[in-house]
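Visitor: Counting in my numbering, the final residue of the sequence shown is number 364, and the numbers go up one at a time with none missing.
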Amino acid sequence: MPRIPRDRKRRPEALTSKQVHDMVRRPLNNPYTAMCINRPDLSDFFTGKEFSIHCDGVPEIKFKVSGINTLHWFKNGVDGGWEEEYYECYESSSKGLYFLFHQVKNDLSCKLRILAVDTQSRLVTLVSGVIGLMDYTPRDTDATPFFGYIDWYDGSEPLWERHAHTLEMIQKNILWKVNSWCHIHYYTSRHYFTSQTFGDENGFVVSERGRHIKLRDNVYLFYWRDMQGSGILSCEIMDLNTFSGVGVNYGLTDYQFICSGFTRENGRFVTDGELAEFERIFEETGDQKLALKTVFDVDINDMTTQILNC
């Protein structure tokens with residue numbers, strides 16, 4: 055665990071609810087390519103399919119998917135009907151496990167619907183993300199998970215098994231590499247993790263709210279909120295069998311709205327002994343590159359040669 059918090063993030067300027075709504079509903083940029091570094095390949099698995107999602111605590115959600123970026127979902131209520139949305143879907147490295155997300159645009163709130171769909175077990179986790187926290191600030195995000203299953207309209211019986219939050223990641227530490235970014239994640243407790251980021255950030259340390267949901271053996275849905283920075287929600291399928299992941303960042307940076315997919319390149323577990331040696335070298339020399347190269351054999355100048363799918 056880092057002993058000395060380094061350069062702390064600064065909080066962006068406060069925004070009113072109207073400013074947030076205008077940035078999300080009338081973005082000056084394409085939010086889906088706003089952070090195009092290491093963006094995953096799109097999957098057309100759901101194209102041409104009709105299905106419904108049944109999760110505890112929320113009404114059934116019916117879907118019709120007509121293209122690789124176009125879906126329709128049925129809105130309940132007196133003003134209900136079929137709503138068309140742009141969506142993106144990625145296949146994780148765990149075969150048959152998909153990550154899908156879309157905004158809910160015909161709504162007063164700024165919502166994002168995230169689905170982790172296991173096509174082998176039919177189990178589904180829905181994460182409902184929203185920009186705007188009543189007890190915090192209008193720019194910050196919140197996330198609520200719901201657990202259930204997918205119905206393909208093939209006559210299969212309802213499922214009673216569910217995904218669930220897990221404590222399996224507590225006290226584990228992972229070094230992650232994403233292009234020129236390098237992070238050490240310290241999964242410290244049920245509700246929080248600590249992240250140390252290298253590169254331009256020079257090893258800043260920050261603790262954030264984050265939870266793990268077990269999808270399969272060594273495969274988790276990890277979601278967290280960047281509350282020390284701009285308040286962005288991040289969510290990903292994290293496969294520790296391959297140390298890779300696919301996910302989305304959702305929220306407002308200093309100057310733009312983002313709803314951008316990302317993929318991790320690689321990672322590995324790190325031991326307490328490695329962390330102690332890393333911190334010793336880093337504190338004595340102040341050289342993050344030397345410490346990373348000496349202990350973990352990581353060169354943060356060795357970035358992906360091509361930015362993916364920008």
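Beta carbons: idealized from backbone N, C-alpha and C, even for Gly.
Using the three-state DSSP reduction, which class does Lys103 fall into: helix, strand or coil?
Guide: Three-state DSSP puts Lys103 in coil, outside helix and strand.
Visitor: How is Ile286 classed by DSSP in three states: helix, strand or coil?
Guide: Residue state, collapsed to three classes: coil.
Visitor: Does the distance from the CB of Arg167 to the CB of Trp230 come in under 7 Å?
Guide: Not a contact, by the Cβ cut-off of 7 Å.
Visitor: Using 10 angstroms around the beta-carbon of Asp48, count the other beta-carbons present and answer buried if the total reaches 16, otherwise exposed.
Guide: Missing from the structure shown is residue 48; the chain here goes from 55 to 364 and no further.
Visitor: Assess, as a yes-or-no matter, whether the stretch 111-123 is touched by the stretch 133-147 under the definition of 3 or more beta carbon pairs within less than 8 Å.
Guide: With the cut-off at 8 Å, the stretch 133-147 and the stretch 111-123 touch.
Visitor: Exposed or buried, which one is Ser243 when buried takes at least 16 other CB atoms within 10 Å?
Guide: Under this definition Ser243 is an exposed residue.
Visitor: Checking the sheet assignment: what are the DSSP bridge partners for Pro212?
Guide: For Pro212, which the question treats as bridged, DSSP gives no partner whatsoever.
Visitor: In three-state DSSP terms, what is Pro199?
Guide: In this structure, Pro199 counts as strand in the three-state DSSP scheme.
Visitor: Strictly by DSSP, which residues pair up with Met2?
Guide: Given that the chain is displayed from residue 55 to residue 364, the structure contains no residue 2 and the question cannot be resolved.
Visitor: According to the neighbour-count rule (16 or more other Cβ atoms, all chains shown, within 10 Å of its Cβ), is Trp278 buried or exposed?
Guide: Counting Cβ neighbours within 10 Å, Trp278 comes out buried, since at least 16 surround it.
Visitor: Return yes when the Cβ of Val302 is within less than 7 Å of the Cβ of Phe155, no when it is not.
Guide: Contact: yes.
Visitor: Do Lys165 and Val171 come within 7 Å of each other at the CB atom, strictly closer than that value?
Guide: Contact flag unset, no.
Visitor: Under the three-state reduction of DSSP, which class applies to Asp356: helix, strand or coil?
Guide: Three-state DSSP puts Asp356 in coil, outside helix and strand.
Visitor: Under DSSP, the beta strand (DSSP E) around Thr179 begins and ends at which residues?
Guide: Thr179 -> beta strand (DSSP E) spans 177-185.
Visitor: Can at least three beta-carbon pairs, one atom from the stretch 108-115 and one from the stretch 333-341, be found at a separation below 8 Å?
Guide: They do not touch, by the three-pair rule.
Visitor: Classify Tyr274 as buried or exposed, calling it buried when 16 or more other Cβ atoms lie within 10 Å of its own Cβ.
Guide: The residue in question, Tyr274, is buried, as its Cβ has 16 or more Cβ neighbours within 10 Å.
Visitor: Look up Tyr190 in the DSSP assignment and say whether it is helix, strand or coil.
Guide: It is coil, neither helix nor strand.
Visitor: Let's see if you can read the secondary structure: which residues bound the alpha helix (DSSP H) around Val349?
Guide: Unbroken alpha helix (DSSP H) run through Val349: 342-350.
Visitor: Specify the secondary structure class of Ser71 as computed by DSSP and reduced to three states.
Guide: Helix.
Visitor: By the DSSP assignment, the beta strand (DSSP E) with Phe155 in it spans what residues?
Guide: Residues 151-158.
Visitor: So what's Ala330 in DSSP terms, helix, strand or just coil?
Guide: Looking at Ala330 - three-state DSSP - the assignment turns out to be helix.
Visitor: If you drop the 5 nearest sequence neighbours on each side, which residues of the same chain put their C-beta closer than 7 Å to that of Glu290?
Guide: Phe276, Gly299, Val300, Gly301.
Visitor: I'd like to check one pair, Gly315 with Arg93: are the Cβ atoms closer than 7 Å?
Guide: Result yes, Cβ atoms of Arg93 and Gly315 sit closer than 7 Å.
Visitor: Less than 7 Å between the C-beta atoms of Phe297 and Gly321, yes or no?
Guide: Their beta carbons are under 7 Å apart, which means Phe297 touches Gly321 by this criterion.
Visitor: Where do the N-terminal and C-terminal ends of the beta strand (DSSP E) with Tyr86 fall, by residue?
Guide: That residue, Tyr86, is in no beta strand (DSSP E); it is neither H nor E in DSSP.
Visitor: Of the choices Ser106, Ile267, Gln225, whose alpha-carbon is the least far from that of His217?
Guide: When only C-alpha atoms are compared, the closest one is Ile267.
Visitor: Can you list, in chain order, the residues of its chain with a C-beta nearer than 6 Å to that of Ala88? Leave out the 5 residues immediately preceding and following it.
Guide: Same-chain partners within the cutoff: Gln310, Ile312, Ser314.
Visitor: So Tyr246 is in the beta strand (DSSP E); what residue range does that whole segment cover?
Guide: Run containing Tyr246: 246-252, per the beta strand (DSSP E) assignment.
Visitor: Suppose you measure from the CA of Glu333 to the CA of Ala345; what does that come to, to the nearest Å?
Guide: Looking at the two C-alpha atoms, the distance is approximately 8 Å.
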